[in-house]
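Participant:
Numbering (this note's numbering), first residue to last: 8 to 339.
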């Protein structure tokens, strides 16, 4: 098959947004997709100077298919998350993206105006939802939150603390509430209280700017999801945890995680990482979203250099409500 020109948006070492291209043919088990929408999150802010393609969890139209592709057709609208290869495949444990599987491209499943995509397909219909900008967060944030609550063993009787009300946090509130838990939001922004309560939070607590000032929480937190743009001050949060609480960090950052030893050990608290979701949990998370009408709150930006730059700037400032989505042709 003839070579295709793949065009995508990337950062440079100075943080500027540039247009890049790459050429290669669509192989037998690959699909060429014209991306119409792409999600953005804090990961992309961190990657802005790394020269890779930016954005992830896309929706688009199939333009070409490889000779041996049978799972999708030209013209079909598809959505996807990170693409990868699993060493051991089973319904319960296979990871969607344990390793990247791209060729001759800096990034796969990023903000590519066109992208090559493996034809391996996990097909699931979410009625009455359609693949749309709002679906992007279901491919990312909701599944991330579902996986975190799953590994934490959250129960309907639990109080789930959510630190940070952003792309992940606003989905965590909805999901925890639908599970029967009491969502408790912790934020540094008093302006987010109204939104937190609209989303279903049982309580909202402002995180004091001074680390010496404690949080005023009456009942203990059983599961604490760290959804913000930085690690919290654990000296403030240890006193609000119920006995044997579970802390799940969902933050992408490079700072050491430092926890006060005795306040963490004596009550029997645990901390567990939540990584890529299994195939089973992808399906379960989407089923749950459809059943409980869980939707992300999105803010759209043009899929252009300026649009991406603006979205990343607002993300870094914590001013996106609450999921940034790049949309091709917006404002044209």
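Beta carbons are placed, not taken as given, at the ideal position from N, Cα and C, and that holds for glycine.
Would you tell me roughly how many angstroms separate the C-alpha atoms of residue 63 and residue 238, rounded to the nearest one?
Facilitator: The count along the chain shown starts at 1 and reaches residue 63 at position 56. The count along the chain shown starts at 1 and reaches residue 238 at position 231. Whole-angstrom Cα-Cα distance: 23 Å.
Participant: Is it buried or exposed, residue 324, if we count other Cβ atoms within 10 angstroms and call 16 or more buried?
Facilitator: Position 317 of the chain shown, counting from 1, holds the residue named residue 324. The residue in question, residue 324, is exposed, as its Cβ has fewer than 16 Cβ neighbours within 10 Å.
Participant: Is the CB-CB distance between residue 206 and residue 181 below 8 Å?
Facilitator: Residue 206 sits at position 199 when you count from the first residue of the chain shown. Residue 181 sits at position 174 when you count from the first residue of the chain shown. Result yes, Cβ atoms of residue 206 and residue 181 sit closer than 8 Å.
Participant: Where residue 337 and residue 194 are concerned, what is the direct C-alpha to C-alpha distance, given to the nearest angstrom?
Facilitator: As a position in the chain shown, residue 337 is number 330, starting the count at 1. As a position in the chain shown, residue 194 is number 187, starting the count at 1. If I take the Cα positions, the gap works out to 32 Å.
Participant: Which term fits residue 15, buried or exposed, when burial requires 16 or more other beta carbons within 10 angstroms of its beta carbon?
Facilitator: Translated into positions along the chain shown, residue 15 becomes position 8. Buried, because 16 or more other Cβ atoms sit within 10 Å of the Cβ of residue 15.
Participant: Residue 178: buried (16+ other C-beta within 10 angstroms of its C-beta) or exposed?
Facilitator: Within the chain shown, the letter at position 171 stands for residue 178. Classification of residue 178: buried, given that the 10 Å Cβ count is 16 or more.
Participant: For residue 286, name the three-state secondary structure that DSSP assigns.
Facilitator: In the chain shown, residue 286 corresponds to position 279, counting from 1. Helix, per DSSP.
Participant: Would you decide whether residue 305 is buried or exposed? Buried here means 16 or more other CB atoms lie within 10 Å of its CB.
Facilitator: Position 298 of the chain shown holds residue 305. Residue 305 should be labelled buried.
Participant: Please decide whether residue 36 counts as near chain D, where near means a Cβ-Cβ distance under 8 Å.
Facilitator: Among the chains of the structure shown, chain D does not appear; only one protein chain is present.
Participant: Which residues in the same chain have their Cβ closer than 7 Å to the Cβ of residue 18, if we skip the five residues on either side of it in sequence?
Facilitator: Within the chain shown, residue 18 is the residue found at index 11, counting from 1. Hits under 7 Å: 24, 54, 55, 56, 57, 58 and 61.
Participant: Looking only at C-alpha atoms, which of 301, 318 and 155 sits nearest to residue 254?
Facilitator: Against the chain shown, residue 254 aligns to sequence position 247. The residue with the shortest Cα to Cα distance from residue 254 is 155.
Participant: For residue 300, which of 165, 185 and 76 has the nearest alpha-carbon?
Facilitator: Here residue 300 is taken as the residue at index 293 of the chain shown, counted from 1. Ranking 165, 185 and 76 by Cα distance to residue 300 puts 185 first.
Participant: Leaving out five residues before and five after residue 187 in sequence, what residues of the same chain have Cβ atoms less than 6 Å from its Cβ?
Facilitator: For this step, residue 187 is matched to residue 180 along the chain shown. If we look at residue 187 and ignore the five residues flanking it on each side, its Cβ neighbours are 163.
Participant: Considering only the alpha carbon of each residue, which of 251, 85, 262 and 225 lies closest to residue 272?
Facilitator: Sequence index remark: in the chain shown, residue 272 carries index 265 (1-based). The shortest C-alpha separation from residue 272 is found at 251.
Participant: Nearest to residue 72 by alpha carbon, out of 32, 42 and 46?
Facilitator: Position 65 of the chain shown, counted from the start, is the residue given in the question as residue 72. The option with the nearest alpha carbon to residue 72 is 32.
Participant: Using only the alpha-carbon positions, how far apart do residue 287 and residue 153 sit?
Facilitator: Numbered from 1 along the chain shown, position 280 holds the residue referred to as residue 287. Numbered from 1 along the chain shown, position 146 holds the residue referred to as residue 153. Their backbone Cα atoms lie some 11 Å apart in a straight line.
Participant: Could you check the C-alpha separation between residue 196 and residue 266 for me, to the nearest Å?
Facilitator: Along the chain shown, read from residue 1 onward, the residue named residue 196 stands at position 189. Along the chain shown, read from residue 1 onward, the residue named residue 266 stands at position 259. Rounded to the nearest angstrom, the two C-alpha atoms are 24 Å apart.
Participant: Which of the three DSSP states is assigned to residue 305 in this structure?
Facilitator: Position 298 of the chain shown, counted from the start, is the residue given in the question as residue 305. Residue 305: strand per DSSP, three-state reduction.
Participant: What distance in whole Å lies between the Cβ atoms of residue 248 and residue 228, which are believed to be in contact at a cut-off of 8 Å?
Facilitator: Walking along the chain shown from the start, residue 228 turns up at place 221. Walking along the chain shown from the start, residue 248 turns up at place 241. Yes, residue 228 and residue 248 are in contact; Cβ-Cβ is about 5 Å, under 8 Å.
Participant: CA-CA distance, residue 129 and residue 40?
Facilitator: Position 122 of the chain shown, counted from the first residue, corresponds to residue 129. Position 33 of the chain shown, counted from the first residue, corresponds to residue 40. Confidence at residue 129 is low in this model, with a pLDDT of 41, below 50, so its placement is unreliable and the value that follows should be read with caution. Going from the Cα of residue 129 to the Cα of residue 40 covers about 16 Å.
Participant: My guess is that residue 43 and residue 82 are in contact by the Cβ rule of under 8 Å, so how many angstroms apart are they, rounded?
Facilitator: Along the chain shown, read from residue 1 onward, the residue named residue 43 stands at position 36. Along the chain shown, read from residue 1 onward, the residue named residue 82 stands at position 75. Incorrect: roughly 13 Å between the Cβ atoms, too far for contact.
Participant: Buried or exposed: where does residue 173 fall if 16 or more other Cβ atoms within 10 Å of its Cβ makes it buried?
Facilitator: Taking the chain shown and counting its residues from 1, the one referred to as residue 173 is at position 166. Buried: at least 16 other Cβ atoms inside 10 Å.
Participant: Using a Cβ-Cβ cut-off of 8 Å (strictly less than) and excluding sequence neighbours within five positions of residue 76, which residues of its own chain qualify?
Facilitator: Taking the chain shown and counting its residues from 1, one reaches residue 76 at position 69. Correct list, in chain order: 35, 36, 37, 38 and 126.
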